[in-house]
Amino acid sequence: MENFTPYSALIGGALIGLSAALLLFLNGRIAGISGIVGKALFPEQRGDVGWRMFFLAGLVLGPLVLRLINGNAVLFRIETSLPVLVLAGLLVGYGTSLGGGCTSGHGICGLARLSPRSALATVIFMIVAGMTVYIVRHWIGVKG
Amino acid sequence: MLKNLSACLCGILFGLGLVIAQMVNPVKVLAFLDIAGQWDPSLALVMAGALIIFGLACRLILRRPAPILEPRFHLPGAARIDARLLIGAALFGIGWGLSGYCPGAAIAAFGYGRMEAVLFTLAMCCGMGLFRFIHRPT
């Protein structure tokens, strides 16, 4: 477990929780990113797009400013080829629309509200993601 | 206008949290999902941190009759556990496991200057469009 970074993980997680709490307190909205993106692109109600675009702008702006101040402090590695990355993106977009949420909407907001629906979704996407990584890395042999 | 600014502030905090937790790095996420490899439990602590803060806060907040800047709370109404939920979560799990990107992390990684995250996000938006095309109301 040499790569384990408990403190930055807890601090980062707390900031995400604070963001979700503020969005509920001020705007009365759930911070589920897939839902925010999906309904910004394909609006279901009038007057419902603005806050979504501003949230997403902030989601880009925060990391952008941090990088300008701090340089490339976070190491990056990606082991996925571009065609697989596109396939993964399609699956994430389709799957989160069908299942009504992603890691933030189900995994954090739904789970915190003790929604059985979100708890089940979280268990399933965690297990399936783990199985996918196992197959890719240990059967097919793409090493991380 | 105020509710757009507050949404922007929340987005900034969310993005900062993802970068500080290193969840914008796909290999870090995959190292959590790879229990048979060199397991990195960091992602579990990201979720724990977020769950503790939001879990406590939402209990207090939802005692109020309404949020500050909107007339009412907009909470997900769906309670049904059905095939769509299970299949959707499984498909998301495959995509997440293939890439190490979930929607929030991909968009924040784009802000952090990662161009492949743009490609992923565009494909994700296409997937969302495809869903609405297939399941459009007739």
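Read top to bottom, the protein sequences are chains V and S. If you count the first sequence from 1, position 96 lands on 447 in our numbering, and the numbers rise without skipping. If you count the second sequence from 1, position 100 lands on 101 in our numbering, and the numbers rise without skipping. C-beta atoms are modelled at their ideal positions from N, C-alpha and C, and glycine is treated no differently. Given the structure is predicted, the values throughout are model-derived calculations rather than measurements.
Judged by beta-carbon spacing, S/ALA110 lies beyond the 8 Å limit of V/VAL437, meaning their Cβ atoms are not closer than that value.
Between S/LYS29 and S/SER43, the C-beta spacing is below 8 Å.
Proximity of chain V to S/GLY96 at the Cβ level (cut-off 9 Å) is accounted for by LEU438, ALA439, GLY440, LEU441, LEU442, VAL443, GLY444, TYR445, GLY446, THR447, ALA480, THR483, in chain order. Counting only Cβ-Cβ distances below 8 Å, S/MET24 has contacts in chain V at GLY363, in chain order. Looking at the backbone, the Cα of S/LEU19 and that of S/ARG137 are separated by about 33 Å. Counting only runs of 4 or more residues that sit fully inside the region 36 to 122 of chain S, the alpha helix (DSSP H) segments are 43 to 62, 84 to 100, 104 to 112, in chain order.
A straight line joining the alpha-carbon of S/GLY56 with that of V/GLY452 spans about 18 Å. Within the model, the alpha-carbon separation for V/THR356 versus V/GLY456 is close to 24 Å.
DSSP places V/ILE362 within a helical segment (H, G or I) once states are collapsed to three. The same chain holds no residue with a CB closer than 6 Å to that of S/ASP35 once the five nearest residues on each side in sequence are set aside. A distance of 8 Å or more separates the beta carbons of S/ALA90 and S/TYR102. Out of S/GLN23, S/LEU3, S/PRO68, S/LYS4, the CA that lies nearest to the CA of V/PHE376 is found in S/PRO68. For V/GLY379, there is no enclosing alpha helix (DSSP H), as DSSP gives it neither H nor E. Taking the CA atoms as reference points, V/GLY364 sits about 6 Å from S/MET48. The distance from the Cβ of V/TYR485 to that of S/ALA37 is about 6 Å, consistent with a contact at the 8 Å cut-off. Judged by beta-carbon spacing, S/GLY12 lies within the 8 Å limit of V/LEU407, meaning their Cβ atoms are closer than that value.
Chain-ordered, the chain S residues with CB closer than 9 Å to the CB of V/SER385 read PHE93, CYS103, PRO104, GLY105, MET125, MET129.
Under the DSSP assignment, V/ALA439 falls in the alpha helix (DSSP H) whose first and last residues are 433 to 450. Under the DSSP assignment, S/ASN5 falls in the alpha helix (DSSP H) whose first and last residues are 3 to 21. The region 73 to 93 of chain S and the region 444 to 451 of chain V touch, with three or more beta-carbon pairs separated by less than 8 Å. At the C-beta level, S/TRP97 and V/PHE476 come within 8 Å of one another. Contacts with chain S (Cβ-Cβ distance below 7 Å) from the region 379 to 403 of chain V involve GLY379, ARG380, ILE381, ALA382, ILE384, SER385, VAL388, GLY389, LEU392, PHE393, GLY401, TRP402, listed in chain order. In the three-state reduction of the DSSP assignment, V/ILE459 falls in the helix class, which pools H, G and I.
Annotation: S/ARG64 has no Cβ neighbours in chain V at a cutoff of 8 Å; minimum Cβ distance is about 11 Å.
Our two residues, V/LEU462 and V/ASN378, have alpha carbons roughly 20 Å apart in a direct line.
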